[in-house]
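Colleague: In my numbering, the protein residues as written are 10 to 245. Encoded as structure tokens, here's the structure I'll be asking about.
Below is the structure:
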């Protein structure tokens, strides 16, 4: 599955890794589906499908709810119902957070391998921290990460580079020595703007677009494959 980047040298001397959450470590789309459809039921709207939800996630809760409401309301109607819809969605999501989500293959093994290489790890997600922290604890991910930043940690979220640059600042490691791993164009755009090399996984959401359309430095089948690539390059 590994598609080696043209410039493997960029993976020498990597000291830290920034990893996305939804679509990269966890398949959380089933959680989104349940919460969204419960919200829609509150508005007496018909349920939507998992594929529809997958095409909408990745840019934060505000964008998700706006797109969900846009299926049934015009722009004025979306604005009118947004606050109520967001409150409903957040209430339902907190009720089921993590109940229907699953770890992708070799996530824990990949994190363990990176940790054994003494790489410093940060999770940067567009999910609000109130959702991200308990979800990571429930799925056994929290202990691997020194830093976790959510979509509400800073004024700007991915694809803006601000959260990645903050990791660089707090770790005191140059962006060029921090690898970003994600599943969407958001992750790649943010990494490019921050000056970080970036790898993508092929199994996430990416707003319904093919992973091959993402301008990353390579595609890795799992986080464990990413760790093996780093181990190989750092031996050179």
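Every residue gets a Cβ at the ideal spot worked out from N, C-alpha and C, and that includes glycine.
Can you give me the Cβ contacts of residue 82 inside the same chain, cut-off strictly under 8 Å, excluding the 5 residues immediately before and after it?
Modeller: 89, 90
Colleague: Quick check on residue 165: does DSSP put it in helix, strand or coil?
Modeller: Collapsing the DSSP output to three states places residue 165 in coil.
Colleague: Judging by CA-CA distance, which residue of 146, 110, 74 is the nearest neighbour of residue 49?
Modeller: The option with the nearest alpha carbon to residue 49 is 74.
Colleague: How would you write the range of the alpha helix (DSSP H) that residue 222 sits in, first residue to last?
Modeller: Note, residue 222: premise wrong, no alpha helix (DSSP H); not H, not E.
Colleague: Among 179, 133, 190, 37, which residue has its Cα nearest to the Cα of residue 105?
Modeller: Residue nearest to residue 105 within the set 179, 133, 190, 37 is 37 (criterion: CA-CA distance).
Colleague: Taking a contact to mean a Cβ-Cβ separation below 8 Å, would you say residue 133 touches residue 178 in this structure?
Modeller: no
Colleague: Output the boundary residues of the beta strand (DSSP E) element that contains residue 156.
Modeller: 156-158
Colleague: Got a sec, what are the start and stop residues for the beta strand (DSSP E) residue 197 sits in?
Modeller: Run containing residue 197: none in the beta strand (DSSP E); it sits in the alpha helix (DSSP H), 194-203.
Colleague: Would you mind working out which of 193, 206, 197 sits nearest residue 249, comparing C-alpha positions?
Modeller: Nothing can be reported for residue 249: it is not among the residues displayed for the chain, which extend from 10 to 245.
Colleague: Identify the continuous alpha helix (DSSP H) that holds residue 62 and give its terminal residues.
Modeller: Per DSSP, residue 62 belongs to the alpha helix (DSSP H) from 59-63.
Colleague: Residues in the same chain with beta-carbon distance under 7 Å from residue 175, minus the five sequence neighbours each way, listed in chain order, please.
Modeller: 158, 163
Colleague: Closer than 8 Å is the cut-off here; do at least three beta carbon pairs connect the stretch 135-145 with the stretch 19-26?
Modeller: Contact fails between the stretch 135-145 and the stretch 19-26, because fewer than three Cβ pairs, one in each stretch, are under 8 Å apart.
Colleague: Taking the beta carbon of residue 197 as the centre, do at least 16 other beta carbons fall within 10 Å, making it buried, or is it exposed?
Modeller: buried
Colleague: Could you tell me the distance, in whole angstroms, from the CA atom of residue 212 to the CA atom of residue 86?
Modeller: 34 Å
Colleague: To the nearest whole angstrom, what separates the beta carbons of residue 35 and residue 113, a pair I think is in contact under 8 Å?
Modeller: 7 Å
Colleague: In whole angstroms, what separates the C-alpha of residue 206 from that of residue 185?
Modeller: 6 Å
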